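So that you can map any letter, position 137 of the first sequence is 247 in our numbering, and since no number is skipped, the others follow by simple counting. Ideal Cβ placement from N, Cα and C applies to all residues, glycine included. Computed from a predicted structure; not experimentally measured. The structure under discussion appears below in the form of structure tokens.
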Amino acid sequence: MEYRPAELDAKWQARWKAEQPFAAAFPSEKPKFYVLDMFPYPSGAGLHVGHPLGYIASDILARYMRHRGYNVLHPMGYDAFGLPAEQYAIQTGQHPAITTETNIQRYREQLDRIGFSFDWSREVRTCQADYYGWTQWIFVQLFHSWFNVSTQKAEGIERLVAHLAKNGTKDLHAAHHGEPSCTAQEWANMDSKQREELLQHYRMAFRSDSVVNWCPALGTVLANDEVVDGRSERGGHPVVQKPMLQWSLRISAYAQKLLDGLDTLDWSDSIKETQRNWIGRSQGARVRFALPSLSESALEVFTTRPDTLFGVTFMVVAPEHPLLDVLTSQAQRNEVMAYREQASRRSERERQADTKTIGGAFTGAFATHPFTGAPIPLWTSDYVLMGYGTGAIMAVPAHDSRDHAFALHFGLPIVEVVAGGDVQVASHDAKEGTLIHSDFLNGLEVSDAIEQAIQSLASRNLGERRIQYRLRDAVFGRQRYWGEPIPIVYREGVPETLPLDQLPLVLPTVDAYLPTEDGEPPLARAQGWQSAEGLPLETTTMPGWAGSSWYFLRYMDPQNPARFADREKMDYWGQVDVYVGGSEHGTGHLLYARFWSHFLHDIGCIPMAEPFKKLINQGMIQGVSAFVHRLEGTQTFVSADAVNGRKTQKIHVDVSLVLGDDTLNTQEFKDWMPAFSDALFEPKEGPILLEREVEKMSKSKHNVINPDAICAEHGADALRLYEMFLGPLEQAKPWDTKGLSGVTGFLRKVTRLLSKRADAPADKGELKTLHKLIEKVEKDMSTLSFNTTVSAMMIAVNEWSSLSQLSTQTLKDFAVLLSPLAPHLAEEMWETLGEMHGISQAPFPVLKAEYLVEDNQQYPVQFNGKTRFFVHVPQGTPPAEVESLIRSHEKTEGYVEGKIIRKIIVVPGRIVNVVIG
RNA sequence: GCCCAGGUGGCGGAAUUGGUAGACGCGCACGACUCAAACUCGUGUUCCCCUGGAGUGCGGGUUCGAUUCCCGCCCUGGGCACCA
């Protein structure tokens, strides 16, 4: 048999398409295994070799688990709503659905070419109404829920309403924003509009006037993670801060549960840490400082260091703080207002870029220290943020570096309260030490002092223990067309959800994909954009992450018209066992999907709170860019070794124009772009040496390698093996097409093994090789270390290649071992060896330890830790015997050289070390 | 600035409850086949001042023995960033 990958790929891909051997069964007696890839956004550029890396790994695992007897769910779909298709629609007028469909076709062709074992009968697309109707359904559930802090669960809003009717907001422990409050009497007297206004402060999906990232060029609001350096992530347009009435989801209610849930997950430490940082839990206290000038009010602050209360020498409120206006004294008014004006003009970007400049103003007001009663001067400065804590802080310059810098700048006193360090020079931020100058806290360690301070505050009603989170509620409305319509209607301006029987609320046709003249979102252009009742519909759409927050559930029951997924099916499939995707989704998608799962679990819709048990973040495959030097201001291109210090520009050259020895194909370069058609070269007759550099793989860097091209030339199995062989899955690594010859050589060798087939029983060495390999493959599959699996297979094949014959059984067993990685060749071998049915469900060969036992044991013999020679002894020789063998060994004397043997260490089965000196 | 991950030949990388550093592959060199080239096969390939010595980012330490453990630094990648 000769190795002809193109024929094998076509033959077996057609067979799989016809026979559907990868369809997941339900119901099934088998144990389940759910392997999921992060589904792609189908971009117009198609896939490059970096994209399938994770898909190949998950496919190997899926195929392996089928051999191990599992019922495997391994689906694929498309995250199909998104900005690029909409941008294209704005430019060309082509409906985004058409663009998206075209791109999906292209993706599908590319994916099919690689031979994945996806169950395509379960494909989902987030942009299809039979899918997004359920996204809308979940939104409706969010709208009708609130978060009960006492039970730590989301509950139906009617329970909250009942509480309000009975007690008002008294004794209500509910996640909320703002300062909602009413009595039962007041609630009773409210009309429906007033009630809804109050309820909005509690709903899991709610509208609030929040400051958003408004991008005028795109006519839309962007999420924080879509804004990079004050510009839109896509397109790089300027972004400004603007208050706007926005739909949001109350993810902040789940901060603690999202934090606690991490402990149950098998994710990398780095991604868990990223999520912990994002949630940003701080433990401390709320402290109220009385404001004598406003007899009823107090200034509330949050601090993680209530132990340092006696070191407070001033306080700072954010320039946007609501009390700033009333607090400021007449004498200071001009200065404070000038500072506030100046601070408001600084954009978020400037404030971030410049954290060194210290600015602020004294308000002329004083607060009263809760313990000493001393007057504390009140300042304002933009280093205090309105969006975190209470927007006000107690400043302890001795033990906080920012407060310290502020105190130095404005000449404010610095009082040391935790011993150690010279606090006049630099703040002493350490969280351990002994309290001094602190009245009843003197002599206590920091941690004890924190406890004492909190208890004392609480007993005098001056404050209480408090946990603060950085995590903000997620803005959910987008001023865009190509997204899920939000199923809300307005009755006299009061939002209510569309009746469930009117879902899906289908995206309407519009005459243009732009905002209206008066700045309304594109949906406002739709004719008759109103409910059956004639009520106006919401015009914003959901963000990109809505559809991706629950798609893993729909795969379990993709066509169900009655519910998003059948409960029995969800009970069977349960958590995603292994989820593979890029770490760039660490704080976005992975946090939102966890939030939705926790919520759906709380309201009894799904069996598990955490959706993804084990997470693997595949690393990037980088491109190796090529650059040619061009003499500045000329069209002369110089070989990299002939620049000689002259001024040149480095220009990206498409990697297809690079010849084997890193020189430029000058003729094709001239044809590549019109601008280079009259290029001159130095030296004239070449070669023109290029510079190479590892960068991110992208079209603009002209270093993209297309998987189709690799498959066409070397076959899908070679691509699959090589991507895995490149290195550990999680690690970033550069692509080097030259290395492919290693794995194609391996596949050819495998094919040649078939000619050694003999019907004689397997020989001992042959079996030892086989079982060593089984052991290694099993071990690697549990850690997804497929790079070493490929090496191990190469070693086994090299060993077998030196034998004169191989048993049919060994060849069959090897075909199954190979099948997850190189399924096309494995199927062909399987068939050649006489099997009638496909290999995909063939049982995995059973490891037999007896074949691994060695007769002899080799000991490396070290002298003072340096290996000098080896001795061979029968397996299980007692250490004492090994030692005496070494003592009398002919080579020993030469290394001892007149010194004394102090000790001989024999590690059984491992090593011998002779200590001399 | 803080947090996380990592640093091993010319290159991708292998080996960590401490036990032969450099598996496997690329590249390179030489040889066989060939009129020749490609393919294929075989041999060699960490470095050096080569009977020996050095060596896993750098400097220390623990140990009979350290890529692996400890302390201090440097560098690269990623995340967060006036978060009280």
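query                                                                                                                    : result
Contact belief for Y1028 with L157 at Cβ below 8 Å, rounded distance in angstroms                                        : Past the boundaries of the shown model lies residue 1028; the chain is included only from 111 to 1027, so the question cannot be answered.
Rounded distance between the beta-carbons of G371 and A719, thought under 8 Å                                            : 6 Å
Pairwise C-alpha distance: A675 and Q919                                                                                 : 44 Å
N-terminal and C-terminal residue of the alpha helix (DSSP H) that W706 is part of                                       : 699-712
Contact check, E219 vs M186, beta carbons under 8 Å                                                                      : no
Best match in L877, L863, G837, N816 for proximity to S895 [C-alpha to C-alpha]                                          : G837
Cβ neighbour criterion (16 or more within 10 Å) applied to F143                                                          : buried
Cβ distance (whole Å) where F924 is taken to contact L146 below 8 Å                                                      : Their Cβ separation, rounded to whole angstroms, is 29 Å, which puts F924 and L146 out of contact at 8 Å.
Distance, P206 Cα to T651 Cα                                                                                             : 15 Å
The stretch 248-256 contacting the stretch 304-317, beta-carbon criterion three pairs below 8 Å                          : yes
Residue range of the unbroken beta strand (DSSP E) whose run includes Q578                                               : 573-579
Three-state class that DSSP yields for M425 in the structure shown                                                       : strand
Buried or exposed by the 16-neighbour rule on C-beta atoms within 10 Å, applied to H538                                  : buried
C-beta contact flag for H1102 and K723 at 8 Å                                                                            : Because residue 1102 is not part of the residues shown, which for the chain are 111 to 1027, the question remains open.
Beta-carbon spacing of D772, R802 below 8 Å                                                                              : yes
Cut-off 6 Å between Cβ atoms - residues of its own chain near I166, not counting five sequence neighbours on either side : R830, E833
Beta-carbon separation (whole angstroms), V533 vs T418, contact threshold 8 Å                                            : The pair is not a contact, with the Cβ atoms about 11 Å apart (cut-off 8 Å).
Proximity below 8 Å, CB of A870 to CB of Q841                                                                            : no
Coil, strand or helix - R1020 by DSSP                                                                                    : coil
Alpha-carbon to alpha-carbon, V427 and G501                                                                              : 6 Å
For H547 and L404, the rounded distance between their alpha carbons                                                      : 30 Å
L839 vs Q951 beta-carbon contact at 8 Å                                                                                  : no
Touching by the beta-carbon criterion (3+ pairs, under 8 Å), the stretch 189-199 and the stretch 653-667                 : yes
Among Q123, L608, S929, T746, nearest to A642 - alpha-carbon criterion                                                   : L608
Neighbourhood of V992 by C-beta, 7 Å cutoff - its chain only, sequence neighbours within 5 removed                       : Y969, V983, V1016, V1022
Cα-Cα separation, A752 to V738                                                                                           : 12 Å
Segment contact, 8 Å Cβ cut-off, at least three pairs: the stretch 564-573 with the stretch 474-494                      : yes
Neighbourhood of H711 by C-beta distance below 6 Å, restricted to the same chain and skipping five residues each side    : A719
Cβ distance (whole Å) where V389 is taken to contact R582 below 8 Å                                                      : In the sequence on display, residue 389 carries Ile and not Val. About 10 Å; that fails the 8 Å criterion.
Pair within 8 Å by beta-carbon distance, T544 and E561                                                                   : no
Cβ-based burial, G499 [other Cβ within 10 Å; buried from 16]                                                             : buried
Coarse secondary structure for P933, derived from DSSP in three states                                                   : helix
Bridge partners - Q391, DSSP secondary structure assignment                                                              : Correcting the residue type first, residue 391 is Arg in the shown sequence and not Gln. Beta-bridge pairing links R391 to Y579.
Under the three-state DSSP convention, the category C715 falls into                                                      : coil
6 Å CB neighbourhood of P416 in its chain, flanking five on each side removed                                            : A395, I560, A563, I564
D376 - partner residues in DSSP beta bridges                                                                             : K724
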